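Numbering (my numbering), first residue to last: 1330 to 1589. Backbone N, C-alpha and C define an ideal beta-carbon position, used for all residues, glycine too. Note that the coordinates shown come from a computational prediction; the quantities given were computed from them, not determined experimentally.
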Amino acid sequence: MATIELKNLWKEYGPEVVLERLNARVESGEFVTIVGASGCGKTTFLKMLLGTESPTRGQLLLDDKPIPAEPDATRGIVFQRYSVLPHLTAEENVMLSGELTANRFWGRTFGAKRHELRAAARKMLEDVGLEAAFDKYPDELSGGMQQRLALAQTLIKKPRILLLDEPFGALDPGIRKDMHALVLKLWKEQGLTVFMITHDLDEGFYLGTRLWVFDKNRLDPQAPGAYGARITYDLPVGKDDRGTLDDISHRVDSTARVLG
Ligand SMILES: Nc1ncnc2c1ncn2[C@@H]1O[C@H](COP(=O)(O)OP(=O)(O)OP(=O)(O)O)[C@@H](O)[C@H]1O
Ligand SMILES: [Mg+2]
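Printed below as a string of structure tokens:
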């Protein structure tokens, strides 16, 4: 179970209203893709799901309880640009991440436990297609490989909710396609609930089971921060028509008009 509920959710920074009156319910296993103009509050929303930002009004619930005010293992995040520890190999980076989660209080694991952790890290790296890169350092990995490493590092913590903030924005189109296949595979295999921000509507329609458009439907030119963005479109992406290009491009056109 990982049901997320937004109940009249607001986020303000001082006088600036970033998000206002968000209402939605997302069931376990959904794949929500989020598009919207730059600065409209998409990353802020993800940070609230992660727990590093709190709502200023309303509620954000996970399984009927307020999301904890600090990140925990239920939620994992991958950003557009990945900051790995450069002096650790791929395997060590993933192990460290698993270690911090498995053993928050002791810090380090030894003996049989360490052996288990190494095996789990290797399995995770294999799952993301990095079986040939266990011993490589981040600067020896391509951009796509670094994002695979970022996914492995996040998924070793076994989150139920995966938060992706334009994770493939910096990658070449060919590599992105491989990453799409990987994310869909991991989503299905691990039964994840996914929230993914993208600037690419095609990507949003292709990957998501549901697409949200964040936009302000009130704007005061004299006071741009007076009103926040809302979920102006909440589109189910039907299983039957997923991947049918005509339908997708039709929706992309009409949504692009909304985005301006
Ligand atoms: N810690 C903060 N303090 C004050 N204002 C903030 C803070 N974080 C974000 N903001 C403001 O909130 C608004 C939304 O920012 P956010 O990063 O969520 O936008 P975004 O939709 O992710 O944009 P982009 O597509 O460019 O990544 C911006 O006006 C930003 O300046
Ligand atoms: Mg952002």
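Cutoff 6 Å; reference L1521; Cβ partners in own chain excluding five residues on either side: L1491
7 Å Cβ shell around A1398 - same chain, five flanking residues per side excluded: G1380 and S1383
Which of helix, strand or coil DSSP assigns to A1331: coil
Backbone secondary structure at L1491 - three-state DSSP: strand
K1486 CB to nearest heavy atom of ligand 2 below 6 Å: no
Residues that DSSP places opposite D1563 in a beta bridge: W1541
G1427 in three-state terms, based on DSSP: helix
Rounded distance between the beta-carbons of L1536 and M1525, thought under 8 Å: 7 Å
G1368 Cβ short of 6 Å to ligand 1 heavy atom set: yes
Proximal residues to L1335 (C-beta, below 7 Å), its chain only, five neighbours per side dropped: L1351, N1352, A1353 and L1389
Same chain, Cβ closer than 8 Å to P1415, neighbours up to 5 away in sequence not counted: Y1466, P1467 and D1468
Secondary structure of F1434, DSSP reduced to three states: For F1434, the predicted model reports a pLDDT of 47, less than 50, meaning its position is unreliable and no value from the coordinates is stated.
Where T1522 falls: helix, strand or coil (DSSP): strand
Range covered by the beta strand (DSSP E) that runs through T1362: F1360 to G1365
Cβ neighbour criterion (16 or more within 10 Å) applied to A1450: buried
Closer than 6 Å: F1373 CB and nearest ligand 1 heavy atom: Sequence inspection shows Thr at residue 1373; the Phe mentioned does not correspond to that position. Yes, since a heavy atom of ligand 1 falls inside the 6 Å radius drawn around the Cβ of T1373.
Contact test: V1347 Cβ vs ligand 4 heavy atom, cutoff 6 Å: By its list of ligands, the structure shown excludes ligand 4, since it contains just ligand 1 and ligand 2.
C-alpha gap between N1422 and R1547, whole angstroms: 45 Å
Contact set for R1372: own chain, Cβ-Cβ below 8 Å, skip 5 residues either direction: At residue 1372 the sequence reads Thr, which differs from the Arg that was named. Excluding sequence neighbours, T1372 sits near D1494 and I1526.
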